[in-house]
Amino acid sequence: MKTAMAGFLVACVFCAFSGVADAKMRVRDVQWQLEGRTYQGALVYDDASTSRRPGLLMIPNWYGVTSGALAKAKRIAGRDYVILVGDMYGKGRRPADTAQARSAVRPLYGDRAEMRKRVSKALQVLRAQASSAPIDRKRLAAIGFCFGGSAVLDLARSGADIAAVVSFHGGLSTGDPTLAKNIRAHVLVMNGADDKGTMGEADAFMDEMRGSPADWQFVVLGHAVHCFTETDEHAPGCRYDARAARRSYRLMAHWLDDAFAGADGR
Numbered sequence: 011m012k013t014a015m016a017g018f019l020v021a022c023v024f025c026a027f028s029g030v031a032d033a034k035m036r037v038r039d040v041q042w043q044l045e046g047r048t049y050q051g052a053l054v055y056d057d058a059s060t061s062r063r064p065g066l067l068m069i070p071n072w073y074g075v076t077s078g079a080l081a082k083a084k085r086i087a088g089r090d091y092v093i094l095v096g097d098m099y100g101k102g103r104r105p106a107d108t109a110q111a112r113s114a115v116r117p118l119y120g121d122r123a124e125m126r127k128r129v130s131k132a133l134q135v136l137r138a139q140a141s142s143a144p145i146d147r148k149r150l151a152a153i154g155f156c157f158g159g160s161a162v163l164d165l166a167r168s169g170a171d172i173a174a175v176v177s178f179h180g181g182l183s184t185g186d187p188t189l190a191k192n193i194r195a196h197v198l199v200m201n202g203a204d205d206k207g208t209m210g211e212a213d214a215f216m217d218e219m220r221g222s223p224a225d226w227q228f229v230v231l232g233h234a235v236h237c238f239t240e241t242d243e244h245a246p247g248c249r250y251d252a253r254a255a256r257r258s259y260r261l262m263a264h265w266l267d268d269a270f271a272g273a274d275g276r
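Numbering follows my numbering, with no gaps: position 66 of the sequence shown is 76.
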């Protein structure tokens with residue numbers, strides 16, 4: 011079987027340039043309830059094959075479930091993964107600008123228990139999709155971007171029974187560093203060396219991970235700033251970087267391959 015990395019790179023090329031390949035990608039709305047609130051995410055996968063494959067919970071950046079997030083999920087899924095794009099805000103709440111996005115994430119950063127509750131529920135929903143989509147329940151992981159990176163790290167801190175979490179340019183802080191003792195997943199974190207926000211949290215994060223039982227890796231990407239995988243971002247401190255994005259996706263694919271194979275990273 012070809013590695014997930016090779017499949018992912020091929021999928022990137024063909025999903026970008028071939029209408030035929032993209033036509034095989036299914037995007038299906040998925041709704042769930044949590045404490046009286048309705049959430050709406052999307053299940054993304056290539057339905058050309060019925061073979062079971064790893065399931066990934068993907069938490070997008072602070073704009074939530076957008077067309078851009080779905081396009082990214084398609085590129086990552088390829089023929090290798092089934093992805094649930096998780097909703098952290100609730101159905102119908104889709105920030106339209108930076109001010110609205112900041113307002114949406116502020117309560118969750120202020121209440122990390124609530125953040126963990128919502129992301130954990132989204133993971134439950136991913137598991138449940140195995141009855142109607144080709145997901146291998148024994149191979150589950152979570153990936154997140156910016157705010158989503160913070161969310162999947164909190165999922166790991168909750169003790170979630172998944173193989174791995176991967177954070178791209180995500181926030182590294184935690185309301186309770188002692189929760190790291192609960193981590194069961196292989197943890198890969200990738201941040202830009204010139205990200206003035208998240209890199210200020212790096213030392214505390216690494217101390218937290220040193221005190222955890224986790225197999226973890228913290229990768230610093232040279233010359234990259236925040237948002238390096240976000241193709242629509244071009245501001246000085248939040249900017250897409252094609253080279254950093256390409257390298258980080260390759261690292262993700264290797265990391266997931268090892269985690270799903272049960273490798274301990276040593």
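Glycine included, each C-beta is placed from N, C-alpha and C at the ideal position.
Since the model is a prediction, treat every value here as computed from it, not as a measurement.
Worksheet item: Is valine 95 near methionine 68, with beta carbons less than 8 Å apart?
Response: yes
Item to complete: Report the rounded CA-to-CA distance for alanine 81 versus isoleucine 145, giving the unit in angstroms.
Response: 20 Å
Discussion item. If I measure Cβ to Cβ from arginine 116 and keep anything under 8 Å in the same chain, skipping five residues before and after, which residues do I get?
Written reply: none
Item to complete: Measure the CB-CB distance between glutamate 5 and threonine 184 and report whether it falls below 8 Å.
Response: Lying before the first or after the last residue shown, residue 5 is absent from the chain, which here runs from 11 to 276.
Practice prompt. Determine the burial state of histidine 236: buried for a count of at least 16 other Cβ atoms within 10 Å of its Cβ, exposed for fewer.
Written response: buried
Discussion item. If you follow the beta strand (DSSP E) that methionine 35 is in, where does it begin and where does it stop?
Written reply: 35-44
Discussion item. Once DSSP output is grouped into helix, strand and coil, what is the label at arginine 116?
Written reply: helix
Item to complete: In the DSSP assignment, find the alpha helix (DSSP H) that holds alanine 87 and state where it starts and stops.
Response: 77-87 is the extent of the alpha helix (DSSP H) around alanine 87.
Item to complete: Inspect the CB distances between the segment 57-71 and the segment 149-161 and report whether three or more fall short of 8 Å.
Response: yes
Fill in: Pairwise C-alpha distance: aspartate 107 and leucine 133
27 Å
Worksheet entry | Reference aspartate 97, options Glu45, Asp57, Val40, closest by Cα | The shortest Cα separation from aspartate 97 among Glu45, Asp57, Val40 belongs to Val40.
Discussion item. If you reduce the DSSP assignment to three classes, tell me which class alanine 174 lands in.
Written reply: strand
Worksheet item: When DSSP labels each residue in this structure, what does proline 187 get in the three-state scheme?
Response: helix
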